[in-house]
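So the mapping is simple: our numbering equals the position in the sequence shown, first residue as 1, plus 36. For every residue, glycine included, the Cβ atom is placed at its ideal position computed from N, Cα and C. Note that the coordinates shown come from a computational prediction; the quantities given were computed from them, not determined experimentally. Encoded as structure tokens, the structure appears first; notes follow it.
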Amino acid sequence: MIKPSLRPGISHRNFPGCAIILDIDRDRYWQVSEQVGATLDRVAQGEGRMLAPGEIAHVESLGLITYVDADSAPAPAIDLPDPTRSAAECDAPRTRFCPAEAAEVALLTLTARWLVRRRPLRQLLEDVVCRRDHALGSADPVALAQRFGRYRRLVPLTSLCLPDTLAFLRFAARRGARANMVFGVEAWPFAAHCWAQAGECVLNDALDHARSFAPIRVL
């Protein structure tokens, strides 16, 4: 037997009056009705076979679901706590300026922007997960975020959340630090954002700014 399941790469977040979809394979966000969001909730909870045929047919026509073996279990969601502090807003220890690290951060920032323009989002995110999984987890991600932020401010480029987060995560993984990547959305008006986070600490954004978005996907 088979059952409906969210298509890999689909995430959603419900809001009053609508739901927001993040589709990694199509590299886009889009807004759907509140009812579609409720249907996706039930599919994600394994209750898809109890839905009316019309409800399933509608989300299937939108390309939001697939069918899997009835005995298969979905991958567990990453349970990341709500952030309570930001590395950028914590006192940073005084360290000597390192020209090599400053050059590395500049190169990572430029490389990340090039990759975002030329590679699919799924490929970029798979690389994030692979690098994190191979990191030893021995370094302090907060201290690394403060060092990265210090040198990033020297790069004369406007901050862009996706490439800057990718650049920081690569910087951190090279030094054995593990961190999560969080995508967040707001519906009214629509806005999307992403940042790096370790436990309760936002690593590359202000706390209030990150908390103004509702997480839609955590890597």
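For this session: In the DSSP assignment, find the unbroken alpha helix (DSSP H) run with Gln-182 in it and report its ends.
Result: According to the DSSP assignment, Gln-182 belongs to the alpha helix (DSSP H) that extends over 177–188.
Problem set entry | Distance between Val-191 and Arg-206 (C-alpha atoms, nearest Å) | Roughly 17 Å between the two C-alpha positions.
For this session: Look at the Cβ atom of Glu-99, then the Cβ atom of Ile-92, and state whether they are nearer than 8 Å.
Result: Note on residue identity: the sequence assigns Gly, not Glu, to residue 99. No, the pair does not count as a contact, with Cβ atoms beyond the cut-off.
Exercise. In the DSSP assignment, what are the bridge partners of Thr-147?
Worked result: Per DSSP, none; premise fails for Thr-147.
Exercise. Is Phe-242 buried or exposed, if buried means 16 or more other CB atoms sit within 10 Å of its CB?
Worked result: The sequence shown places Ala at residue 242, not Phe. Ala-242 is exposed by the Cβ-count criterion.
For this session: Check the C-beta distance from Thr-102 over to Arg-43 and give it rounded, since I have them as a contact under 8 Å.
Result: Yes, Thr-102 and Arg-43 are in contact; Cβ-Cβ is about 5 Å, under 8 Å.
Problem set entry | Opening and closing residue of the beta strand (DSSP E) in which Arg-68 lies | It is worth fixing the name first, because residue 68 is Val in this sequence and not Arg. Segment 64–68, the beta strand (DSSP E) holding Val-68.
Problem set entry | Contacts around Ser-1, its chain only, beta-carbon distance under 7 Å, and the 5 residues preceding and following it disregarded | As displayed, the chain neither begins before 37 nor continues past 255, which places residue 1 out of reach and without an answer.
Exercise. To the nearest angstrom, how far is it from the Cα of Asp-200 to the Cα of Asp-176?
Worked result: Roughly 19 Å between the two C-alpha positions.
Exercise. So Glu-222 is in the alpha helix (DSSP H); what residue range does that whole segment cover?
Worked result: Per DSSP, Glu-222 belongs to no alpha helix (DSSP H); it is in the beta strand (DSSP E), 216–222.
Exercise. What span of residues does the beta strand (DSSP E) with Phe-51 cover, start to end?
Worked result: That run of the beta strand (DSSP E) goes 46–51.
Exercise. Between the C-alpha atoms of Asp-105 and Gly-82, what's the straight-line distance to the nearest angstrom?
Worked result: Computed Cα separation, rounded: 12 Å.
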